[in-house]
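In the working numbering, each number is its position in the sequence shown, counted from 1, plus 678.
Think of the CB as a built atom: it goes at the ideal place given N, C-alpha and C, for glycine as much as any other residue.
It should be emphasised that the depicted structure is a prediction, and the values quoted were computed from it without experimental measurement.
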Amino acid sequence: MKKKFKNRHIWQQMCLFCYIVLPNALLPATMSSLWEIMLSIRVLTVILPVVKVLR
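See below:
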């Protein structure tokens with residue numbers, strides 16, 4: 679019973695670690711990808727009217 683409780687505590691620590699560390703590790707990647715997506719959307723919104731006008 680005690681061993682099970684200890685394992686549970688380890689699991690809680692791991693979950694806490696994942697909650698704290700993973701977002702911090704993923705944040706730069708997600709931010710850069712979001713920035714790229716926003717830029718591409720902006721470029722598209724600029725290009726599409728130009729293409730329509732040229733046609």
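- Per the coordinates, the alpha-carbon of Gln691 lies some 13 angstroms from the alpha-carbon of Leu700.
- Rounded to whole angstroms, the separation of the alpha carbons of Val721 and Ser711 is 15 angstroms.
- Distance from the CA of Trp689 to the CA of Phe695, rounded to the nearest whole angstrom, comes to 10 angstroms.
- In this structure, the straight-line span from the alpha carbon of Ile698 to that of Pro706 is close to 14 angstroms.
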